[in-house]
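J.: For reference, the structure I am asking about is given below.
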Amino acid sequence: MPNLNFMHVLITIVPLAVGVVVAALTIWALILAIKALRKYLRTPDAPQPQRLQQPAPPEIG
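Counting from 82, one number per residue, gives the positions in the sequence shown under the working numbering.
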């Protein structure tokens with residue numbers, strides 16, 4: 082069994098852990114960005130609520 086130094090284990094594990102955390106945060110940010118874009122860029126096929134027309138002003142005279 083090889084002699085595992087504590088510092089050697091730390092130097093090996095810490096960069097891997099940091100990489101996993103950065104990757105997870107990046108994926109999370111991408112998911113949130115896609116959700117926000119979907120909210121504001123709706124598909125044109127979606128039915129839009131129809132606006133009520135303003136009544137015409139009465140004619141004087």
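Backbone N, C-alpha and C define an ideal beta-carbon position, used for all residues, glycine too.
Pick helix, strand or coil for ARG119, following the three-state DSSP scheme.
T.: Looking at ARG119 - three-state DSSP - the assignment turns out to be helix.
J.: Taking just the CA atoms, how far does GLN135 sit from ILE141?
T.: 18 Å
J.: Can you grab the Cα-Cα spacing for the pair ARG132 / ILE115, in whole Å?
T.: 29 Å
J.: Quick one: what does DSSP say ILE141 is sitting in, helix, strand or coil?
T.: coil
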